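Take any residue in the sequence shown, note its place counting from 1, add 13, and you have its number in the working numbering.
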Amino acid sequence: MEDKFDSIQELYENIRRGGEVEFTYDGKKYSITHSEINSEEKIYVMEQNNYDSLIIFYSAEEIGKYCIGTKRLEDIATKVQVTFRCF
14 MEDKFDSIQE LYENIRRGGE VEFTYDGKKY SITHSEINSE EKIYVMEQNN
64 YDSLIIFYSA EEIGKYCIGT KRLEDIATKV QVTFRCF
């Protein structure tokens with residue numbers, strides 16, 4: 014398993030294929046997961062055990078707008094430490 018993404022596009026491609034990701038950044042753990050409700054795909058991004066941080070997105074490209082502190086995921090995707098990824 015690679016512990017980094019080479020680009021934000023690599024992360025988007027992983028999510029488009031149905032992949033799920035767990036990563037750490039700035040000492041905190043985050044996850045990106047999927048579900049389908051009423052035939053609508055939803056992508057969930059959140060800090061571990063912090064439901065107030067949960068944001069629901071409807072496409073892989075939208076997750077880049079998720080903010081960790083003052084930084085967008087699209088700006089730090091190559092800097093996060095990937096701890097789990099599938100697909």
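C-beta: ideal position from N, C-alpha, C; glycine also.
All values derive from a computational prediction rather than experimental measurement.
DSSP places E74 within a helical segment (H, G or I) once states are collapsed to three. Between Y71 and the set D65, Y25, K41 and T83, the nearest pair of CA atoms involves Y25. Around the CB of Y64, fewer than 16 other CB atoms lie within 10 Å, so the residue is classed as exposed.
Close CB contacts of V95 within its chain, under the 8 Å cut and outside five residues either way in sequence, are with M14, E15, D16, K17, F18, V34, E35 and F36 (chain order).
Residue pairing from DSSP places K55 in a beta bridge opposite S48.
Looking only at S20, E75, D88 and M59, the smallest Cα-Cα distance to K41 is reached by M59. Measuring C-alpha to C-alpha distances from I81 to each of T91, E53, Q22 and D39 identifies D39 as the nearest.
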